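In the numbering used here, the protein residues as written are 23 to 375.
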């Protein structure tokens, strides 16, 4: 299983058929059953040909009902169990941001970074027409906040894909979500985030920044809201109401919500009516909201909420898990031809299953 074979078929990230997705997914499972310590234990115990019968939704349910989902604690403590033996590629291990709990570690092949950025750029151009805004005559001049690691690399590659330049101001994010929830924002900005605020203001004073990628709280320190053309936000606190409020302040800006996760990067979102809807980068990331009935996992109906069922399927990494987030199922919306999910929310009480 090599990326060069995938790249030759991945010409249009928005034109991935269900049949191709199923075919790709089965090949990934077969590869990891042969080569990856965690998954090798399932070889001979699970019939993949039976699992991969039916429509994609049925296959997704079959995978979870076969008990192939990973325990979160095992994944965090034994990340090397998920690295294929004798894998050849440009591998880098990354940490999660640690905003809500202790950082997790996982690995990416650099070839995946290229395909992820391709999906992001094509999607952003189709939905937000960024390719019509930024060009040789009008350069993207971007400032981004965030943790070092995949986030910095992905953001850099994305900005460079528009011929732009980037200031990246790193921030130590361990436990920051809890700190923001407990204390007042002004106190946090003057405390642990004081260096971030200082250097952000310095950049805004000296350069004509037109693109800003940050968390919602940091928008309060933008000196000239009318100067920003593009604002890229991520975080579970992003709601339709919040995006409308932001648009009222940043009247000249395109507001773009992204959904980030340390093992697959960012997914593109959009505001549709009263929903913030995100669409995975097929065939590498599949997400459906799940519920459990009579001890079986089922994908919920459109508009209903369930727990995030997640499959990350790449040559270097296979993860199947149920995340501690609820979300509603969203139908395909142009330019995407597959299901998305809407209004994700972190749940504090656990799965309840």
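We put the CB at the ideal spot given by N, CA and C, even for glycine.
Note that the structure is a prediction, hence the values are computed from the model and not measured.
Extent of the continuous beta strand (DSSP E) to which residue i belongs
| i | result |
| --- | --- |
| residue 126 | Premise fails: residue 126 is in no beta strand (DSSP E) and is neither H nor E. |
| residue 167 | 163-168 |
| residue 187 | 187-192 |
| residue 114 | 113-117 |
| residue 180 | Unbroken run through residue 180 is the alpha helix (DSSP H), 172-183; no beta strand (DSSP E). |
| residue 215 | Looking at the DSSP string, residue 215 is not in any beta strand (DSSP E), and its letter there is neither H nor E. |
| residue 321 | 318-321 |
| residue 254 | 252-256 |
Delimiting residues of the alpha helix (DSSP H) encompassing residue i
| i | result |
| --- | --- |
| residue 239 | Premise fails: residue 239 is in no alpha helix (DSSP H) and is neither H nor E. |
| residue 24 | Careful: residue 24 lies outside any alpha helix (DSSP H) and carries neither H nor E. |
| residue 97 | 94-99 |
Neighbourhood of residue i by C-beta distance below 7 angstroms, restricted to the same chain and skipping five residues each side
| i | result |
| --- | --- |
| residue 175 | 135 |
| residue 32 | 137 |
| residue 364 | 297, 298, 299, 349, 350, 352 |
As assigned by DSSP and simplified to three states, the class of residue i
| i | result |
| --- | --- |
| residue 411 | Lying outside 23 to 375, the shown extent of the chain, residue 411 is not represented and no answer is given. |
| residue 311 | strand |
| residue 329 | strand |
| residue 294 | strand |
| residue 375 | Residue placement at residue 375 is poorly supported in this model, since its pLDDT is 49, which falls under 50; the coordinates still yield a value, given next. Residue 375: coil per DSSP, three-state reduction. |
| residue 367 | strand |
| residue 63 | coil |
| residue 138 | helix |
| residue 273 | coil |
| residue 77 | coil |
| residue 285 | coil |
| residue 359 | coil |
| residue 247 | helix |
| residue 391 | Because residue 391 is not part of the residues shown, which for the chain are 23 to 375, the question remains open. |
| residue 151 | coil |
| residue 55 | helix |
| residue 342 | strand |
| residue 145 | helix |
| residue 68 | strand |
| residue 36 | coil |
| residue 231 | coil |
| residue 133 | helix |
| residue 158 | coil |
| residue 109 | coil |
| residue 300 | strand |
Own chain partners of residue i with C-beta closer than 6 angstroms, once the 5 adjacent residues on each side are dropped
| i | result |
| --- | --- |
| residue 142 | 180 |
| residue 192 | 170 |
| residue 256 | 280, 282 |
Euclidean distance between Cα positions of residue i and residue j
| i | j | result |
| --- | --- | --- |
| residue 251 | residue 290 | 18 angstroms |
| residue 112 | residue 26 | 13 angstroms |
| residue 217 | residue 310 | 39 angstroms |
| residue 246 | residue 162 | 17 angstroms |
| residue 287 | residue 172 | 7 angstroms |
| residue 375 | residue 178 | Only weak support is given to the placement of residue 375: the predicted model assigns it a pLDDT of 49, under 50, and the value that follows is read from those uncertain coordinates. Cα to Cα, residue 375 sits roughly 40 angstroms from residue 178. |
| residue 360 | residue 145 | 13 angstroms |
| residue 340 | residue 54 | 7 angstroms |
| residue 355 | residue 184 | 25 angstroms |
| residue 373 | residue 90 | Only weak support is given to the placement of residue 373: the predicted model assigns it a pLDDT of 47, under 50, and the value that follows is read from those uncertain coordinates. Their Cα atoms are separated by approximately 17 angstroms. |
| residue 312 | residue 332 | 10 angstroms |
| residue 241 | residue 278 | 13 angstroms |
| residue 285 | residue 159 | 36 angstroms |
| residue 83 | residue 319 | 6 angstroms |
| residue 348 | residue 66 | 34 angstroms |
| residue 101 | residue 271 | 43 angstroms |
| residue 86 | residue 95 | 18 angstroms |
| residue 304 | residue 139 | 13 angstroms |
| residue 188 | residue 259 | 25 angstroms |
Residues near residue i by beta carbon distance below 8 angstroms, same chain, minus five either side
| i | result |
| --- | --- |
| residue 230 | 163, 249 |
| residue 37 | 359 |
| residue 222 | 165, 167, 191, 240, 243 |
| residue 307 | 286, 289, 332, 333, 334, 335 |
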